[in-house]
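Contents: one structure, followed by commentary.
There are 2 protein chains.
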Amino acid sequence: MPDPSKERDHFVGVDLGGTKILAGVFDRKLKCLERAKVATKPERGPDGVIERIARCVREAVDDSDLTLERVKAVGIGAPGAVKHETGEVIFAPNLDWHDVPLRKELEKQLGLPVYVENDGNVCALGVHEVELEGKPRNLVGIFLGTGVGGGLILNGRLFTGFNGTAAEIGHMVIEVGGPKCGCGNKGCFEALASRSAIFRRIRDAVRDGQKTWLVEKLGPDLTDMRSGDLRKAIRNGDKFVEQVVESAAEYTGIAIGNLINILNPDTVVLGGGVIDQLADDMMAVITETAKDYAMDGTFKGIQIIASKLGDDAGITGAAVLANQESK
Amino acid sequence: MPDPSKERDHFVGVDLGGTKILAGVFDRKLKCLERAKVATKPERGPDGVIERIARCVREAVDDSDLTLERVKAVGIGAPGAVKHETGEVIFAPNLDWHDVPLRKELEKQLGLPVYVENDGNVCALGVHEVELEGKPRNLVGIFLGTGVGGGLILNGRLFTGFNGTAAEIGHMVIEVGGPKCGCGNKGCFEALASRSAIFRRIRDAVRDGQKTWLVEKLGPDLTDMRSGDLRKAIRNGDKFVEQVVESAAEYTGIAIGNLINILNPDTVVLGGGVIDQLADDMMAVITETAKDYAMDGTFKGIQIIASKLGDDAGITGAAVLANQESK
């Protein structure tokens, strides 16, 4: 019988974002033991960022009083289109990456198997497998942050489609001719309900003379505005911010109504920074609107919930990916 | 060895519509031998309609020089929400049906196993299994008729979701605040690109003084206008009709862009009366627009095609259903 203290029975999950890299060490039961965080510094290019990912993984493992020899595999959620089979990042706009062989390079640096998947997919996997214990058969994950990420669990498994790019729900058009989106089109869900969309509406209104608690606290340029500031503004009675957030919640509800009509999942789970900070202000409006827009009979028994994983969704899902893929 | 002429090796596929019932007899290779058609007469209520379905099935079987003893099972595509397990039609607005035990009643009348599924799902199944020989792994079917039906084949199998109501793609909102839809919401795909939507736009414009070839041919009330009349109008140089049809094609392209972003299928297939008549005028615009709206990298290798099954899509898919379910 092998000495259990020498088994490769841990997984590292990495959440690669445009500003920060998070790594978490998970035991065989997918319990998180330790986390580490480093700045991404995308300006250093793919090689520089991959070195920083390796450093973040080593730090998290060391903080767990373990060595890399105790790690079976590393999973990574990357912010863009990923070729799952090869672990290449085809395109990641926030990192300015094109065709980066992330898996290959990181395997070289760590000497461990590495698995790469889109970050929205990874978050959905984390929520599904760990938070919801694998119970929902069909789940749509929606993550409202700087952009809008998504992930689909269909028939109990991650669904990635033909080119591996399924669940780009942020670029579902729900208002033809609506506000311009980063993707070049207009009226995408992301251009109506992401943090960037909310912030843009607030900044535009302030420029047009709108008064808000946010200007009192952050100055007229609203520098360093965060989702949490919106929550504080609403708590301080700022009706303008409340109305902007409510509008984003309505658009989110319409997007969910669409997804329920298209996929009829049993579970819709929301996460991401906007939801982590504003769930109390948004969830009731989101659910009510989704119900209005879902066809008669389709909504019965469907749960719409806010994830409790918060910032851990990405590392958790990446650990699940590492576990599933290395089996 | 059984006498082959006595085997139960045929299937009947039924397409139950709001105005007509079609039945087709198919051999074990799913080749259609004969078709029959009767008026639906929904005003006679569920019992009256179910009797007419039974009559239509008997006629088609008799016209094939067969008897019901040679039929293994009957499949039906019904225009509404269906509880697949029990074969109940939960809600079918065009028939004014609520909770009709279609399977049970028809089995009583025919003495054969009956399987019921939503008509859009059935059409997608027919196109996938017969026209495309089961090849696409992930297919989205879009059927533009009086309304907009849909069907999803995911991982090679019909996907119906939690309540069996998936693929209600006609009620995906793509223009918040847009034209009113029969479902009560505004800006649904169906309210922008179905035959009803196209006809409404034409009638509204004529009321406002728009001149069109259609009025010359059909009179000022445009009574009995059909999809084929639109084709004739365009062939006769009617720029107004051409522009209305092009606009419906653009909305269809946007809807397909959304579905590609969400599901990343390998195949999108269009059908229904509008496409059967107007494919030449619509398909190029549909494909170009879908490409514009699909995210970079998601569109690669995806085929968008018009089904050649025409009016046979429903009966064919219903026969496939009967075959698959009775195995």
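Each protein sequence line maps, in turn, to chains A and B. If you're matching positions, the first sequence starts at 0 in numbering that gives the first Met the number 0 and goes up one per residue. If you're matching positions, the second sequence starts at 0 in numbering that gives the first Met the number 0 and goes up one per residue. Here a beta-carbon is modelled for each residue, glycine too, at the ideal position from N, C-alpha and C. These numbers were taken from a predicted model, which means no experiment stands behind them.
Residues in the same chain with beta-carbon distance under 6 Å from B:G117, minus the five sequence neighbours each way, listed in chain order, please. In the sequence as presented, Gly is not what sits at residue 117 of chain B; that position holds Asn. Result list for B:N117: V81, in chain order.
Tell me, to the nearest whole angstrom, how far the beta carbon of A:V244 is from that of A:L229; I am working on the premise that it is less than 8 Å. 6 Å
Jot down the residue ranges of each uninterrupted alpha helix (DSSP H) in the stretch 134 to 207 of chain B, minimum 4 residues, whole runs only, in chain order. 189 to 192, 194 to 206
Would you mind reading off the limits of the beta strand (DSSP E) that contains A:V302? Going by the sequence as given, residue 302 of chain A is Gln instead of Val. Segment 302 to 305, the beta strand (DSSP E) holding A:Q302.
Which complete beta strand (DSSP E) runs does the stretch 19 to 60 of chain A hold, if anything under 3 residues is left out? 19 to 25, 31 to 38
For A:A165, I'd like the list of residues in its chain whose CB is within less than 7 Å of its CB, leaving aside the five on either flank, ordered along the chain. L151, F158, T159
Take A:G146 as the anchor and find which of A:N162, A:I259, A:K216, A:G16 has the nearest alpha-carbon. A:G16
Skipping 5 residues on each side, what residues in its chain have a beta carbon closer than 7 Å to that of A:A91? A77, P78, G79
Which bits of chain B does A:Y292 rub up against, with CB to CB less than 7 Å? V172, N184
Could you give the distance in angstroms between the alpha-carbon of A:G252 and the alpha-carbon of A:I259? 10 Å
Kindly confirm or deny that the stretch 308 to 315 of chain A and the stretch 119 to 128 of chain A touch, where touching means at least three C-beta pairs closer than 8 Å. yes
Short Cβ contact (8 Å threshold) for A:F25 with A:G12: yes
Listed from N- to C-terminal order along the chain, which residues in the stretch 143 to 172 of chain B have their beta-carbon within a distance smaller than 9 Å of any beta-carbon of chain A? G149, L151, L153, N154, R156, F158, T159, G160, F161, N162, G163, T164, A165, A166, E167, I168, G169, H170, M171, V172
Using the C-alpha atoms, what's the distance from A:V115 back to A:H83? 6 Å
Three-state secondary structure (DSSP) at B:R228? Just to set this straight, residue 228 of chain B is Asp in the shown sequence, not Arg. DSSP places B:D228 in helix when its eight states are reduced to three.
Once the 5 residues before and after B:I304 are set aside, which same chain residues still bring their CB inside 6 Å of it? V268
Just to confirm before moving on: does the CB-CB distance between A:V73 and A:T66 stay below 8 Å? no
Measure the CB-CB distance between B:F161 and A:I285 and report whether it falls below 8 Å. no
For A:G313, does the three-state DSSP call read helix, strand or coil? helix
Applying the criterion that 16 or more other CB atoms from any shown protein chain within 10 Å of the CB defines a buried residue, is B:A283 buried or exposed? exposed
Quick check on the DSSP output: the alpha helix (DSSP H) that includes A:V284 runs from which residue to which? 272 to 292
A:A190 and A:P178: beta carbons closer than 8 Å? yes
Within-8 Å CB hit, A:D207 to chain B: no
Here's a check: name, in chain order, each residue in its chain whose Cβ is nearer than 8 Å to the Cβ of A:N257, leaving out the five neighbours to either side. M171, I173, Y292
With DSSP as the reference, identify every bridge partner of B:A247, one or two as the case may be. B:A247 pairs with nothing; no bridge assigned.
To the nearest whole angstrom, what separates the beta carbons of A:V37 and A:C55, a pair I think is in contact under 8 Å? 5 Å
Per DSSP, what kind of secondary structure is A:N93 in: helix, strand or coil? coil
Euclidean distance between Cα positions of B:N120 and B:G149: 6 Å
Are the C-beta atoms of B:I301 and some chain A residue less than 8 Å apart? yes
Mark A:H97 as exposed unless 16 or more other C-beta atoms lie within 10 angstroms of its C-beta, in which case mark it buried. exposed
List the DSSP bridge partners of A:E116. A:G76
Determine the burial state of B:G218: buried for a count of at least 16 other Cβ atoms within 10 Å of its Cβ, exposed for fewer. exposed
Beta-carbon spacing of A:P112, A:E104 below 8 Å: no
Please confirm whether B:A232 has its beta-carbon closer than 8 Å to some beta-carbon of chain A. no
Same chain, Cβ closer than 6 Å to B:S63, five either side skipped, listed in chain order: V24, L32, E33
Please tell me whether B:T286 has its Cβ less than 8 Å away from any Cβ of chain A. no
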